[in-house]
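J.: Numbering-wise, the numbering used here comes out as the position in the sequence shown, counting from 1, plus 20.
Built from N, CA and C at the ideal position, the CB exists for glycine as well.
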Amino acid sequence: MHSRDAVFLEDLWPKLRVRQWRQSLHTYTGKSCIYCGKPSESIDHVLPRSRGGLSITENCVPACLSCNGHKSDAEVFDWYRRQRFYDPRRSMAIRAWVDGDLRLALRLLQWAQPTQLETKETTTKNKDSDWALQVA
Ligand SMILES: [Zn+2]
C-alpha cells in the first residue's frame with residue numbers, strides 16, 4: 021500500500037493541508053467515532069504523542085471527545101476492551117487502520133455500523149486514487 025511509504029508530521033505540513041487531512045479522516049468513517057460510533061469531534065492519536073505517536077494516518081483515528089479524553093494515554097486495545105461499547109469488529113477495524121489497511125478498516129466499520137456507512141463504501145472505493153495521492 022502507498023500509505024506505508026508516507027510519514028507526515030504536522031510541523032512539516034502547511035496548516036491547510038493538515039486541516040484537509042483531518043477532515044478526510046472524519047470522512048472515511050462517516051464522521052463517526054471509530055471506538056463508539058458517536059459523531060467524531062476530534063482526532064485521536066492511537067499511540068499518544070506523549071509516547072512518540074506520530075501524526076500520520078495510521079496513528080490518527082476519528083474519535084468523539086468523550087473517547088479521546090477518556091482513553092488519554094492508555095494502550096488503545098487494553099482501554100477499548102474495557103469499554104461497555106466494545107465491539108470486536110471495531111477492535112479489528114482499529115487494528116487494520118493502524119496497520120495501514122484503511123479499506124479493510126472501513127469494511128469492518130461498515131459491518132459494525134451498517135446504517136451509517138452504507139453509502140460511504142462506494143464513495144471510498146472511488147476515492148482510492150485520491151487517497152493514494154494524499155498519502156504518497
Ligand atoms: Zn467515541
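Heavy atom of ligand 1 less than 6 Å from the Cβ of Tyr55, yes or no?
T.: Yes, ligand 1 has a heavy atom inside 6 Å of this Cβ.
J.: Quick check on Thr143: does DSSP put it in helix, strand or coil?
T.: Confidence in Thr143 is poor, its pLDDT being 47 and thus under 50, which makes the residue's placement unreliable; the coordinate value appears in the next sentence. Helix.
J.: Using three-state DSSP, classify Arg39 as helix, strand or coil.
T.: Helix, per DSSP.
J.: For Lys91, count neighbouring C-beta atoms within 10 Å of its own C-beta (all shown protein chains included) and say buried if the count is 16 or more, exposed if not.
T.: buried
J.: Kindly list the residues whose CB is nearer than 6 Å to the CB of Ala113, restricted to its own chain and excluding five residues on each side of it in sequence; keep chain order.
T.: Cβ within range, chain order: Ala125, Leu128 and Leu129.
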